[in-house]
Each structure stands twice: as structure tokens, then as C-alpha cells.
Amino acid sequence: MDNENDGYVPSQVEAKWQRAWEDRGTNTFTREQLTTAERPYYNLLMFPYPSAEGLHVGNIYAFTGADVHARFKRLNGFDVFEPIGFDAFGIHSENFALKMGVHPMDLIPSNVRNFTRQLKRTGGMFDWDHAVDTTDPAYYAWTQWVFLKLFKAGLAERKEAPVNWCPSCMTVLANEQVIAGECERCGTAVEQRRIAQWFFAITRYAQRLLDNLEHLDWSDTTRKAQANWIGRSEGAELRFPVLDATGADSGATLDVFTTRPDTVFGATYMVVAPEHPLVDSITSGAQRAEVEKYRAEATRKDLVARQKVDKTKTGVFTGGYCHNPATGQRIPVWVADYVLMDYGTGAIMAVPGHDGRDFEFATEFELPIVRVVAGPDDDADTPLPEAYVGPGTLVNSGHFDGTDVADSVRAVTEWAEEQGWGTMRVNYRLHDWCISRQRYWGPPIPIVHCDACGPVAVPESDLPVVLPRVEDFKPDDSGVSPLARVEEWYRTTCPECGAEARRETDVSDTFLDSGWYFLRYPSTDFDDRAFDQVMTKRWLPVDTYIGGNEHAVLHLMYARFLTMVLHDLGHLDFEEPFTRFRAHGLITKDGSKMSKSRGNVVVPDPIIEEYGADTFRTYLMFLGPYEEGGDYSDSGIQGPFGFLHRLYDSVTGAQDGPPDPDVERKVHQTIKQCTEQIPNLGYNTSIAALMECLNAVRAGGRTAARAEVEPLVPLVAPFAPHLAEELWEALGHEGSIFDGAHWPDFDEAKLVEDSVQVAVQVNGKLRGTVGVPKGAEDDVVVGAARAEENVARYLAGATERKVIVVKDRLVNFVVAS
RNA sequence: GCCGGGGUGGCGGAACGGUAGACGCGGCGGCCUCAAAAGCCGCUGUCCGAAAGGGCGUGCGGGUUCGAAUCCCGCCCCCGGCACCA
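Going by the working numbering, the first residue of the first sequence is number 62, and it counts up by one from there.
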């Protein structure tokens, strides 16, 4: 390895340039530079959670792809800001700390140090002077500030909501700790408990979050995932009068949301969720015991188990009735857990004839099934062996009989509206964002509870509300946050009336930390504001954000929501944070996701040790299309390793003199390819083009002319930045290539070949090729094609019907024999 | 079930409707070397053939076209996400 014949020693080259970058501040901005940058380009990557295991290949893949983009933009003259940070709060760290018996306040700093060391070795163009750590009070003071902004705007609400509760461990569980309805630690069935929690009213922004998607330059898949998550559906709210014990109208209504108001004539019963507030008043005395038993069972099941689709439907009759305002008939009200409290109104009108779930339930409990839609081959009396959900016309529907279902949603709703029991309505499946965590490792929610004043905001001047060091931070059987055990911390006075009061002891969701971090980066030089107006104007919104699909929904949605809110409150002049978002693919090993249990985890440190970061980066980018990912193979890295060595040899050994015309053409073709493909994340094909070009340069063992290889150095720089610096220096330049070099231009005139190989087909089958001058007239090409020996054999004795000529590419003789 | 994304050599993957398999790995043979590393040269989809050449080949079945991996219709399989959403 240390052989003196081999001039390229990656470890030495990389150490040298990493030191130089740090000494010269190549990758960092001063506050002054951030303020005056002329062509600002904000290149964002998803900041990592600093695990104890260290950086994994997936991190490096994600960051390198973003870094290649950053370096490409920089070589194209932009002032590229590529900050980095640590998303270090949250349940992962807390659980790991619990397992190891270390305090997170000790664990996280050592993890961060290790990550920092590893990240620096990968050669990313990170601005370490503007790093953030979400667990730093100087950061989370402003996370708490964001909370207060929403609170004061009336967008933070406290309401009761179910949490997962393990009756054996006696503790609240996060959703990810519930595996198939059981506690991940002890296997006990998880229950639901209702406690008061803080919610952000993201549902009020549902329509805007949906509408804006249209104009964002984001991957289609990500936009669709967001749209599905928001889940807009159009329909109607219908109000069914509740009957009292005597069968008379009680004055109350049971309201339902339906996307099929046109099938209201087929609603033969109603179903309410077990948690529905009207269950008590609707249930008759005789049924009360049974209903109570069912409700108790339903709440004992956790949400995961309850929502299993394939289980048979369960439910009980309440003994109460509604009256179907369309048919005038009395219909029973049931309680069943297939109706969810948190979608729509928590109650449905059941139309078993035309809804699969209702059909199943009606069959189970022998409830009437009525056909109200007839398909093309049906009439009003055709039996229904299963729910019919296809197109057709209404039947058994009074004066709507014969109406096409396509037109009837609106018609029926308008009719219901005239009669006062229906309204057009849009419903979303997006839920309000629960940000309360009954946990220790997060920023305390900056609220004080006062008996007289209620929940009161901590004054901004008192921020941060510092998370105290608590040695026993394990969740316990109290069902409240560990902070609720620290009396000297939670006892305080009301900021409004001065009375004795108690701090909120829940901490906030990690997604709140990461929901605004991109606003903080350019302003880390300011400790008296979350984000500075001048910096924000210059740098935001983010120009390109590259990250994993696993955050395509939640993280990006929350970040968009917070940005919209801060915009509406006058703190930002844009409402979408990420102009362009691209999701990278997944890197697999032996065809499957890397995981400890599979034992196929690739550990990056030894690879960088052996081959260097440049080779590792180049290999990762070469594996497959960046947006699709690829499969990691241990031996594949040899390709890029050899390529970079050969490049080093050719550049450092280049001679003065004129370039070979064929090689020069190849160089220009390569410049064109890289220029067009790199900004679109076509990294694998760009690297392939560079390899092909170098193969042409070195063909037959020839020595390169300087002019042939010089342009290749900036082209390879995004992938192999250290080597590029070394070669740039070897070519006699001073300073960093990322400051001194320009992305090379290609010359259209130098791209064209003077002769081309034209494929010759007979009846679509390739029978030969002929070399002709580029742009030759059709008859010349056809003549040459006809003369080709093998082609002539196929044409002899056949009748030519037609000749197709594609200029400079192909001739096809269509013949009959 | 629904929504995405895919199925191309031994492997990772290339291919504006126009010579399928670029580039790389692996394999085989050779050069250099005391040896190794690095490097270099040649071959490498498959079947028939000594060669020239030919047959077959992009998950399966149809279709459009002079020509289909690519476009259309109907299936099958894999991966990711959501999942009783009324």
C-alpha cells in the first residue's frame, strides 16, 4: 500500500485536504459571508439522529448524494450553504440510555463527537460553524418559542386523547413500542388510556397543505404520499333524528359523514364508535349492561389490534333507534368497533347493500340489506350476494329512482339540504398533531398550569425552560412524565397571577425539534432570536432538500405546517419551506434492507480505512440510480477504486501537446453528460461516462495530453472531492478547486463525429452495419447498405416493399419473399 | 384491499420507439514482477457452428408499428407505504 511507485495514497490525500478545508474555512461561512453571499444556494440534508452505533451506510449514502449536489452547484458558481446538525432528542436515545444504564445527557455528547468525527471523514462540505444540536438549550429555547407562537395563535389545544398503556410495565408506550398490539418489552396486550395532551391544529391547514403540493418541485411519489395522508374526501354530513323510548323524535340527531349520500335510502341501521358521546343517551336500559361490557372490551384493545381488517365484525345493539329521514323508517343504532371515533363524526349510516364492511356486519347480525343501486344487468329486486359498489342507477329510492349514481351524490344532498337534514361536506383523514410525550428526553413544553388562570405560556424572556438532569428518568406506573416526580422543578408560580402553579411535565415530540431546524441553521450566530430576518430572507426557502422516503409524510408535513403558521403570523415571507425535494432510494445488502437481525449491516469505518472516502463515495453513487437505491456488494468497490487510481496516474502523468481529436470529442461528450445528468441526480450514469472517457484517454496504454484530462478534474470533484483537490494542485493551481475552478463547458461543434455506423435491418432484423459520413444523404446510405455483403444476401431474390431510413442511425428494408 | 416503485446476462445496472446488455463487479486467458499490490491487453447473454453466419433472448399472454425492454390491453411476481377512512 505504501509503495513509492504508487503516488496516490487516499488516506494521506484525504487527511491533507480535510485539514486544509478546516484551516482555510473552505466549507464554512462567516456571519459576514452569510449576510453578503451573492448567489446563495441552500442545500439541505436530513440531519441525523446520533445513535450509539455510529454513522451507518444509509446515512453516508443520503449525505453523499446531497453533498454531490452541493459541490456541483458550487462549481457552477453558487454560494452553497450545506449545514449539518443532530436530531438528538427522542425516544431512541432515551431507550438506549435506559438499556445501557447511562444518562442521555452523557450519552448524547459522546455520540455527537463520534458522529462528527465520522462525518468529517466522509468529506462532506458541511458548515460546521453552523451546526445545531436539538438537545442544546440554546436550540430548544427556540423550539419552545415555536410552541408558544402556536399556543398564542390558538393553534395549540389541550384535549383528552388515548395513549398506549402497558398494564404490566405500568407505563405509557410510544406507537413504535407496540408490536402487533403487544408491549415490545413484556408481550402484554396494550390498552388505551385517555389523558389530556397538547395538539397542534394541523387539520385547519389541511386544504392548504394539499393545494400547495401542486406547485412544489418535489418527487411525485412524495407528493402523492402527502396527498394520501391528508386524505381529502368529498361527501355529505347527514343528520338522523334520534327517537326516544316512545318512538317519538327526541330532538337530538346522530350525525354521520358519508361519501355516498346517494345511497341513504339503503341505510338500514346506524353504527356508532364505542367512544361516541351519544352512546349513553341512545342506549336503552335493557341493553345497557351489554353495551358497557362491549365498550370496556373495545378500549382494552389497543388501536393496532382493533383495526385489524380481517377479523370478524363485532358489535352490540344499543336498544335505541333513529329515523331515516329519506325513507321515514325506524332503524336501529348499534355500537361496533369497526367504526372509528377519530374519522368523520365517529358514526355512520350503514348501507349494507353497497358497502363491504356494512354488508359483512349486517350478515353477521342478520340486519336488513336493501338494494338501492342497480348495475347494468340488475333490477330493483336482484339479490345481493355481496355489496355492490359499481356504477348504475338508483332503485328503491323514491323519486330518485332511475337517476345515474354519478349524478346523484349532489342531487340527493341538495334534496336533504332543502329538508334540513343534510349538508355538503369535505372530510380529511389528517389528524391534529399530538405533540405531548409522557417522557423525559425532550424539551419541556413551556406551559404553566395555574388553578386560577388555566394553562399559561411561560414568558419568552424566561426561555428556555431547561430540562433538569434527573438520574431516574425511567417512565413509571404513575402514567405521567418522569418530570412529574421532580417537585422542585415543577413547582413554580403563575406568570400571570403569581399564585402557586405547576409546570407542564410532558415534553414535546421530536418532530417538533426537526420541524423547524432548517430555519435555525443560517441564524446560529444569533442567540437572541430563533431566526434572523436578514439571514432568512437571503437563504430561505431551502433550494434543494434531499432525504429519505421514511420522512416523506410526517417530517415534511410538519415542517410545511410550521412554516405556514410562522408565515401567517408574520415571521416568514414564504409559506413552503422546501422549493425542491428529492427522495433517495434505499441501499440494500444481498437484496434486502440492512438490519442487525439479518446480520447484513455494512460498517463504513473499515471501508473508508481501506479504500478512502473518495472511493467509498464514488462507489455508493455508482451503485444504482440515486433515487432508486442499489445493492451493496463488497467486491464492487474495486471498480471505482481502480478508476480513481487510473485518473490520478493519467492526470499527474499528462504531457503538454495537442489533444487527440477522438479523445477530445469523448471529453466533450462526457462534459455534456455530466452537466445534464448530475443536477437531475443521474449520478451512476455520470460516473459511468467519466469511466468511459478515461478508458478512451488511456486506450492502448497511451499517455494523456493535459488538455484531455484537465476538464475531468472538476467533473469528478463532486464525487471525489479530496482527489480533485490533489489533482487541481498537481495541475499547478493554488487554493481550493471549489473556489478556483469553473465547471467546464462543452463545445457543440466538438461533439459531432464525422462518420457514423448505421445499422442495416431487413424486415426489422439486424443484418449488418455500414460506416458512412455523418449526415450523408439517404440514397448514399441506402446504397452503402445494399452493398453490404450480408445484407445483399437477404435482399437477393426478394421483393422490396419499402425502405425506412433514420438519419445517421438505421436503414430498414421491408421485403416480401 | 388501496396508493407508489420495480421485474433486462452469474451479479449491480445502461439503453430520445431505431445495432439490447454502456459502465462496473465476478469469471477465464495473457503481459509486467523474485513475489505481491497496483497497472496493462484480450475474451465473457445463450444455443448451433471450425469459421462466416444463424436461431433464441428484457416476468407471462395478446395488440399497435417497417421496427417494442420502451407505447396499449389483460395477467403473474417482488419491494416500499397506508390500511375497517364510511
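Even for Gly, the Cβ is constructed at its ideal location relative to N, Cα and C.
- Distance from the CA of Val614 to the CA of Met402, rounded to the nearest whole angstrom, comes to 23 Å.
- Remark: fewer than three beta-carbon pairs, one from each stretch, lie closer than 8 Å, so the segment 137-153 and the segment 773-792 are not flagged as touching.
- Going by C-alpha positions, Gln738 is about 6 Å away from Ser747.
- Within the segment 578-602, the complete alpha helix (DSSP H) runs of at least 4 residues fall at 578-581, 594-600.
- Under the three-state reduction of DSSP output, Lys134 falls in the helix class.
- Within the model, the alpha-carbon separation for Phe260 versus Gly576 is close to 15 Å.
- Per DSSP, reduced to three states, the secondary structure at Tyr693 is strand.
- Nearest Cα to Val129 within the set Ala785, Leu871, Glu425: Ala785.
- Short of 7 Å from the beta carbon of Val473, and not among the five residues preceding or following it, lie these beta carbons of its own chain, in chain order: Pro322, Asp323, Val325, Phe461.
- Taking the C-beta atoms as reference points, Thr731 is found nearer than 9 Å to Cys754.
- Within the same chain, Cβ atoms closer than 7 Å to the Cβ of Pro772 are found at Val728, Ile732, Pro805, the five residues on either side in sequence being excluded.
- The straight-line gap separating the alpha-carbon atoms of Tyr382 and Leu304 is approximately 6 Å.
- Among the bridge pairs identified by DSSP, Asp194 is matched with Phe147.
- The beta carbon of Val662 lies closer than 6 Å to those of Met655 in the same chain, with the five residues before and after it left out.
- Residue pairing by DSSP places Phe780 opposite no residue, since no beta bridge is assigned to it.
- Spatial neighbours of Pro740 in its own chain (CB-CB distance under 7 Å, excluding positions within 5 residues in sequence) are listed in chain order as Phe133.
- Taking a 10 Å sphere around the C-beta of Pro444, we find fewer than 16 other C-beta atoms and assign the residue as exposed.
- For Ala359, the closest alpha carbon among the candidates Gln348, Ser345, Lys374 is that of Lys374.
- The secondary-structure analysis by DSSP pairs Leu105 across a beta bridge with Tyr606.
- DSSP places Glu557 outside any beta strand (DSSP E), giving it a letter other than H or E.
- Short of 7 Å from the beta carbon of Leu491, and not among the five residues preceding or following it, lie these beta carbons of its own chain, in chain order: Ile263, Thr264, Ala267, Trp290, Ile291, Gly292.
- The criterion of a C-beta distance shorter than 9 Å is satisfied by Ser497 and Asp567.
- With contacts defined by Cβ atoms closer than 9 Å, Ile798 and Ala778 form a contacting pair.
- For Asn104, the closest of Glu478, Ala350, Ala441, Thr605 by C-alpha to C-alpha distance is Thr605.
- Looking at the backbone, the Cα of Asp194 and that of Pro228 are separated by about 35 Å.
- For the segment 304-332, the continuous beta strand (DSSP E) assignments of 3+ residues that do not extend past its boundaries occur at 310-319, in sequence order.
- Rounded to whole angstroms, the Cβ separation of Glu557 and Cys511 is 7 Å, and the two are in contact under 8 Å.
- Secondary structure in the segment 798-846: the alpha helix (DSSP H) runs of 4 residues or longer, each lying completely within the stretch, are 798-801, 809-812 in chain order.
- Collapsing the DSSP output to three states places Thr553 in a strand.
- If the five residues before and after Val603 are omitted, its C-beta is found closer than 7 Å to the C-beta atoms of Tyr103, Leu105, Phe579, Pro638, Phe639, Thr640, all from its own chain and listed in chain order.
- Ranked by Cα distance from Met752, the options His783, Thr679, Gly451 are led by Thr679.
- Taken in chain order, the whole alpha helix (DSSP H) runs of length 4 or more contained in the segment 699-754 are 699-713, 722-738.
- Judged by DSSP secondary structure, Gly417 falls within the alpha helix (DSSP H) whose first and last residues are 417-426.
- Just so you know, the alpha carbons of Tyr399 and Thr96 end up roughly 57 Å apart.
- For the set Arg432, Leu455, Ala441, the Cα lying nearest the Cα of Ala448 is the one of Arg432.
- The beta carbons of Thr571 and Pro583 sit no closer together than 9 Å.
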